[in-house]
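There are 2 protein chains.
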Amino acid sequence: MSDQNADRPVGSRGVGPNIVAPGIWEPLGAPGRVLTPQESSRLAVISSLARFPKGGLLYSRGDRADAIFNLVGGTVKAFKTPPGGAYHIVGFFFADDVVGLAANGKYVNSAEAITNVTAYRMPTMALEALLRSDPLLEFNAICKLSHELDEAQRHALLLSRGRVLSKVGLFLQMLENSQATRGENTEEIYLPMTRSDIAAYIGASLEAVSRSLRALSAREVLAFRDRHHVKILDHARLEAIATEYRK
Amino acid sequence: MSDQNADRPVGSRGVGPNIVAPGIWEPLGAPGRVLTPQESSRLAVISSLARFPKGGLLYSRGDRADAIFNLVGGTVKAFKTPPGGAYHIVGFFFADDVVGLAANGKYVNSAEAITNVTAYRMPTMALEALLRSDPLLEFNAICKLSHELDEAQRHALLLSRGRVLSKVGLFLQMLENSQATRGENTEEIYLPMTRSDIAAYIGASLEAVSRSLRALSAREVLAFRDRHHVKILDHARLEAIATEYRK
DNA sequence: TTCAGACTTTGACCGCGATCAAGGTCCTGT
DNA sequence: ACAGGACCTTGATCGCGGTCAAAGTCTGAA
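Which chain is which? The protein sequence lines are A and B, in order. Just so it is clear: in the first sequence, position 28 is 291 by the numbering used here, and no numbers are missing. Just so it is clear: in the second sequence, position 118 is 381 by the numbering used here, and no numbers are missing.
Next comes the structure, spelled out in structure tokens:
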């Protein structure tokens, strides 16, 4: 599966002394920088389990940011609705991802459950206090944020792509990657979001997304089991499609 | 390029996601959260002044990230060159911005001086050590990073816009904003970057950028003094253009 | 000052994908 | 099981903007 995007350091498995991957408390991907059980439990102590039904809002943009959420199960989309009526999805989040980042004490975007969701909710006050008292924990948070930032830039790259077909290809690779780093089976890719959501994420119309998906299916690069489950038949071809950027 | 005034406004904003890390000198996201002179001096102690000529590279993607840079004067662009030959600019940075984001110990993008640049260079090793020993400093870094993330999402929003005209309008507003928060005069907007750079940032062709700029000029929304200096004549109209997103 | 190279502007062409529209499929609640 | 709504597919049309091309302008070095 190749790195979908050469901007990602090749051989990430590596030794870098830095940065972690998803989830503050259970950094998958980053051998070395792991929280001690003690630290994890300190986090657990200020957390409470919360459930959201499909379609439920975790928080809205502009609200006082009084908690952040560590997803346990389900899928969440974070979005913005700029003036003018546009609707833009800034990210999809899965188990072990953390959502609810804020600036100036307010959430900078809104988050909605795409499927039923369970998550640990931790009050920012308690979290802040905890962070201040634990430099290592704080450092992990910084690593996590850097990673997010890198991710955001990758998203921007996706948006700047030319053809919709490329974007869709890249998107699928991202999902596959995401599943892989979460340790899930990548035989089949799970698409909990609607075509419309995908469109709002990659910057295209839902019709164009639909057409692209079907085109890939017709060319036998993909095979759909149903609307929300795809198998990648030809990784090489998908890679080629995703990286050709001509408009 | 200028003079740096000794006392700076709270809050410096770059256009685009500011890469990295510890934005230290002035934590923007948190009004009131300012470093003590003592802390500033501790940072100063590990810094050294560096100069880069126009066109010079501060660092390249993939290099071992052994320092981050706090800009004093001049303009820097951070970019990625994904496979396929595309070229995408991730952000523009000005005085007081910090560049040099890394993941896994390597820079995730490259940075080039658009004008002559002077910057404080801080070795990451020393910085890390400092952060670990100073929770407040670390906390400030987190605030800064959150803000950067927000900024990155705003960039993504810009890229997802429909019309090129809107993107250009939005870009100009961002620049104006950036100048304003930096405490500079906003009578006139300074565009140190080339049309081609703007295009690579907003996701369009340089010709389209050129045309949009001229169109705005023709409609008397803008007035160019020369290629790199514009005045916004009609803010309301620019706003309207920037927020209309139909494609 | 002059010249070369880099940057910008302008023009013409045309294809991709947004939009509008309509029909089909899935899924949820009753 | 059924109905209604949400979601998806497919078709047709059309304009924005990417691409190619060429001329104009600015800048820096000699």
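Ideal Cβ positions, reconstructed from N, Cα and C, are used throughout, including at glycine. Just so we're clear, the structure is a prediction, and the values are computed from it rather than from any experiment.
Coarse secondary structure for residue i, derived from DSSP in three states
i, result
"N381 (chain A)", "As written in the sequence, residue 381 (chain A) is Thr, which differs from the Asn given in the question. Here T381 (chain A) sits in strand by DSSP."
"E450 (chain B)", "coil"
"S265 (chain B)", "Low confidence applies here, because S265 (chain B) scores a pLDDT of 37, under 50, leaving its location unreliable and the question unanswered by this model."
"V339 (chain A)", "strand"
"I352 (chain A)", "strand"
"R474 (chain B)", "helix"
"A293 (chain A)", "Any reading at A293 (chain A) is ruled out, since the residue's pLDDT is 35, under 50, leaving its predicted position unreliable."
"R395 (chain A)", "helix"
"R488 (chain A)", "strand"
"S303 (chain A)", "helix"
"P345 (chain B)", "coil"
Enclosing alpha helix (DSSP H) for residue i [first to last residue]
i, result
"V493 (chain B)", "Counting along the chain, V493 (chain B) falls outside any alpha helix (DSSP H), though it belongs to the beta strand (DSSP E) covering H492 to I495."
"E483 (chain B)", "Unbroken run through E483 (chain B): none, as it is neither H nor E."
"V427 (chain B)", "V427 to T444"
"I504 (chain A)", "H498 to T506"
"R417 (chain A)", "P398 to S423"
Continuous beta strand (DSSP E) stretch holding residue i: start and end
i, result
"Y322 (chain A)", "L320 to Y322"
"I465 (chain A)", "First-last for I465 (chain A): R458 to I465, but that is the alpha helix (DSSP H), not the beta strand (DSSP E)."
"S311 (chain A)", "S311 to F315"
According to DSSP, residues forming a beta bridge with residue i
i, result
"K369 (chain B)", "B:R327 and B:A366"
"N333 (chain B)", "B:V361 and B:Y383"
"E375 (chain B)", "B:L320 and B:K340"
### Query
Got a sec: which bits of the segment 404 to 429 of chain B sit with their beta carbon under 7 Å from any beta carbon on chain A, in order along the chain?
The segment 404 to 429 of chain B vs chain A, Cβ under 7 Å: A404, I405, L408, S409, H410, E411, L412, D413, A415, Q416, H418, A419, L420, L422 and S423.
### the segment 383 to 394 of chain A: positions lying closer than 7 Å to chain B by Cβ
L394
### Task
Could you please tell me which residues of the segment 328 to 351 of chain A, in chain order, have their CB closer than 8 Å to any CB of chain B?
K343, P345, P346, G347, G348, A349 and H351
### Query
Looking at chain A, which residues of the segment 355 to 382 of chain B have a Cβ within less than 8 Å of any of its Cβ atoms?
L364, A365, A366, N367, G368, K369, V371 and N372
### Task
Output, in sequence order along the chain, the residues in the segment 478 to 507 of chain A whose CB is closer than 7 Å to any CB in chain B.
T506 and E507
### Members of the segment 454 to 467 of chain A that neighbour chain B once the beta carbon cut-off is set at 7 Å
G466
### Task
Quick one: which residues of the segment 429 to 450 of chain B get their C-beta closer than 7 Å to a C-beta of chain A? List them in chain order.
none
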